[in-house]
Each structure stands twice: as C-alpha cells, then as structure tokens.
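To start, the structure itself, in structure tokens.
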Amino acid sequence: MKTITLLVIATFFLPIIGIAQQFWNTTNEFWGGPKTGIVLVDDSIFFVGTTNSVLRSIDEFDHLEQVLSASEIHTVFATQNGKLLVGGTGKIFLSDNFGISWDSVTVNTTFPLKQFIENSYGELLAITGINDDGDGVFFSGDGGLTWDKRNNGLGTHLGCNKIAIDKNGRLYLAIQDEDVIGFGGLFISETTGLLWQKVAVNNIDLIGNSARVGIVTNLTVLPNDSIYLSFSGSGGNFAIEVNINKSINDVTDNSAWKIFYVKQNQTWGTDGMLNNIYIAQNDDWYSSITESISRGGTCYSKDGKNWALLDYGLGADLNNRRSEQFFAETSAGRIFMIQYLDERIYKTDKSIFTSSPKPIDVVPQIN
172 MKTITLLVIA
182 TFFLPIIGIA
192 QQFWNTTNEF
202 WGGPKTGIVL
212 VDDSIFFVGT
222 TNSVLRSIDE
232 FDHLEQVLSA
242 SEIHTVFATQ
252 NGKLLVGGTG
262 KIFLSDNFGI
272 SWDSVTVNTT
282 FPLKQFIENS
292 YGELLAITGI
302 NDDGDGVFFS
312 GDGGLTWDKR
322 NNGLGTHLGC
332 NKIAIDKNGR
342 LYLAIQDEDV
352 IGFGGLFISE
362 TTGLLWQKVA
372 VNNIDLIGNS
382 ARVGIVTNLT
392 VLPNDSIYLS
402 FSGSGGNFAI
412 EVNINKSIND
422 VTDNSAWKIF
432 YVKQNQTWGT
442 DGMLNNIYIA
452 QNDDWYSSIT
462 ESISRGGTCY
472 SKDGKNWALL
482 DYGLGADLNN
492 RRSEQFFAET
502 SAGRIFMIQY
512 LDERIYKTDK
522 SIFTSSPKPI
532 DVVPQIN
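Position in the sequence shown (first residue = 1) + 171 = the working numbering.
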C-alpha cells in the first residue's frame, strides 16, 4: 500500500516540478562581478550595474561590454527620455547617448545614492543612506546636473530605505529606524520634497494601534492605485514582519492598513517581507524575499493575494543568501533579472504558472 501511495504522489508532482525547474535561466554573458541594478533603454539596450562598473548589452546578453568604470556603484536608472543615471557614493554618473560617453556630478553627501525616481515634469529625486544614517533626499530640476537637499519635515533620522511616486505626483519616502524608537516610518510630500509629512502606519489590521516601523524593504505604488509597504518593526511588546497595503486616497486618514500574506503557515506577525514589487505586462506580480537560501527567493503572484516562493535556477549573492531582485522587461514580454550582489544575470520567457502551453479551442465548422 505504501508503494502505491508514494507512486501516486510522485506522479502527481512530476509535471509541477518539471515546469518549475524552467523558471530562471542564466544569460549567455554575466561577467563583471556582483550586480547592483538593471535597466532597459529604448526597448533594445540593457544596462547592468556592478559594484564598480556599468555593462551594456544590445542583444539580450548574448554579449556584454563595459561602458563605465567607477570606484562604487549602487544603482542604475533611466529617465523617460532615456537618460542614464548611475548612483555612486557622493557622485552621480550621467549619459545622454546610451552609455557611449559619460559625465559626472558631485553631490553633497558621503553616503551612497541608492535609488532615483522621476516625476511627470522630468524632475528627479535621489535618496541616500546606510542603515539609520544618511543625508536624506536630493532634488534635481535640471536633468541631474545639480542637486539640492529636500529634508524639511523629516527630523533627525535621514537614512532612507525607499522612495516612490504615485500618478498624482505625491512622493512616498521610507526612513529607517533600526532601534524602532519612533523616528522612522513613512513620509509623504505633495510639494516635490519641499515639505515632508509623517504618515501614521500604526493602525494595522489584527495588530492594532501600537505598530512602529523599523526597516522598510518594500515601498511600491502600483497601477491599482494602492501603496504596498513591507517592514520589520514593533507591534508593541513583540517584533513584527509584515506586508500591508492601502489605497493612495486613504493614506492620510485613520483607516487601518490591510495585511496581505506572502508565506503560508507562518507564525502570526512574522511573514516574509517582500522587496519592491514589479508588475509585468501580462499582469503577473514579481518580487523577492531577502533571507537565507532556504527561506528567500523570487516571489510570484497572479493577483497579489496568493504568492509562491520560487528558487528554481536561482543562485545566491556574495553572502550566500537570497537578496533583493530587480526586473526589466522587453516590449515582447521577456523578463530579465539581477539579484543584488549576485554575479549572474537571469532571464525567463514566462512564469512558472504560465509556462504550460495554453489549451487550443476547437471551433466547430459551421455549414
């Protein structure tokens, strides 16, 4: 009887395993060392940041060439017009011609420039920080040539985790507070960073009004006009790791943030925290969890409610862990990914759940 049971179980899971193992594949070329970012320009040119260089590919990573060398590189970004910005430490590198030539500007900070965003007017913002320390937010209204601090209202803790922008131009900023003493959390600005206002995140379903934000791993505004936030912190007398969301229209009111779950069968309040979320053209949701090899990896969902944790074909970073993943997608729907401080570049044509051929509808002939 045991033999029959095992045979049935094995047969049931074989097709699922066969599909799942095809999820991530490495590209033909991924030299250059640990990766820090990826971006696609003009739907044909990929740029990948490493810890000390920028690489370019015009053939979906069949070949790579180095186009920039620097002492430190933390992120790569492309504006709506295809201008490249590369964040260093106290310095930003700029290219207007697809990486053929570069300029650099000095920024008044000794911290890494770790993320850029752009509003509908082409104005740019950058955030800085290492843990709780940083120089906050910088603004540029001239395409990245000059940068000014915009920290009014942020307080004394200026180590930034994430920044995002919604369709109305409102900015969202996550400030780190590792000791969870109330200085960090979520801030918004309706004035392009000229004035920041702290937003309450203490009212969370099932936790109550005692939550405090410590370290934010995910701050994403999605096309469904909701803001998604993932953080570790305090629930009062206990530590929490949660994923929550709220409509952008309700951010400033007293309504509760809603919890959404990523990992199944987890201890209450200690769910795996997502990193920033990417929505593909076919409406698939992609994210990642930064944890050990056995607990971290790619996160995938069809609706943002039911998530699968995938590690098929996925390597590890320099610290032998799974780390934050960044995604770039061609107009044809092909997704490429780098994992922070992992040397490889990954690709996939379709997700685990859509990799099976679609059924063919047989239409009867009408006479």
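Idealized CB from N, CA, C, for every residue including glycine. In this text the structure is predicted, and so the values were computed from the model without any measurement.
- The Cβ atoms of Ile415 and Lys429 lie closer than 8 Å to each other.
- Taking 8 Å as the cut-off, the beta carbon of Gly220 is found closer than this to the beta carbon of Thr246.
- Take Glu231, set aside five residues on each side of it, and the residues of its chain with a beta-carbon closer than 8 Å to its own are Thr198, Phe217, Thr501, Arg505, Phe507 and Lys518, in chain order.
- Excluding five sequence positions before and after Ile464, the CB atoms of its chain that fall closer than 8 Å to its own CB belong to Asp482, Ala487, Asn491, Arg492 and Arg493, given in chain order.
- The three-state secondary structure of Ser458, taken from DSSP, is strand.
- Annotation: Phe201 is outside any beta strand (DSSP E) and is labelled neither H nor E by DSSP.
- Per the C-alpha coordinates, the member of Gly356, Asp376 and Leu390 positioned closest to Val384 is Gly356.
- Assignment of beta-bridge partners to Gly379 by DSSP yields Ile375.
- If you look at Met508, you'll find it in the beta strand (DSSP E) that goes Ile506 to Gln510.
- Per DSSP, reduced to three states, the secondary structure at Asp304 is strand.
- An exposed status is given to Glu236, since fewer than 16 other beta-carbon atoms sit within 10 Å of its beta-carbon.
- Going by DSSP, Val276 is part of the beta strand (DSSP E) stretching over Asp274 to Thr277.
- Straight across, the Cα-Cα distance linking Ile346 with Gly300 is about 9 Å.
- Under the criterion of beta carbons closer than 8 Å, Asn374 and Asn425 qualify as touching, at roughly 6 Å.
- Taken through DSSP and simplified to helix, strand or coil, Asn416 comes out as strand.
- A straight-line Cα-Cα distance of about 12 Å links Ile336 and Thr362.
- Judged by DSSP secondary structure, Phe264 falls within the beta strand (DSSP E) whose first and last residues are Lys262 to Ser266.
- In this structure, the alpha-carbon of Ser215 lies about 23 Å from that of Ser458.
- Counting every other CB atom within 10 Å of its CB across the protein chains shown gives Ala499 a total of 16 or more, marking it as buried.
- For Ser463, the pairing in a beta bridge is given by DSSP as Arg492.
- The residues Asn446, Ser459, Thr461 and Tyr511, in chain order, have a CB closer than 7 Å to that of Glu495 in the same chain once the five nearest residues on each side in sequence are set aside.
- For a cut-off of 8 Å, the C-beta gap from Ile334 to Gln286 is around 6 Å, short enough to register as a contact.
- Nearest in C-alpha terms to Ser228, of all of Phe269, Gly261, Lys254 and Gly259, is Phe269.
- When secondary structure is reduced to three states using DSSP, Glu500 falls in the strand class.
- One Cα belongs to Ile359, the other to Ile298, and the distance between them is close to 14 Å.
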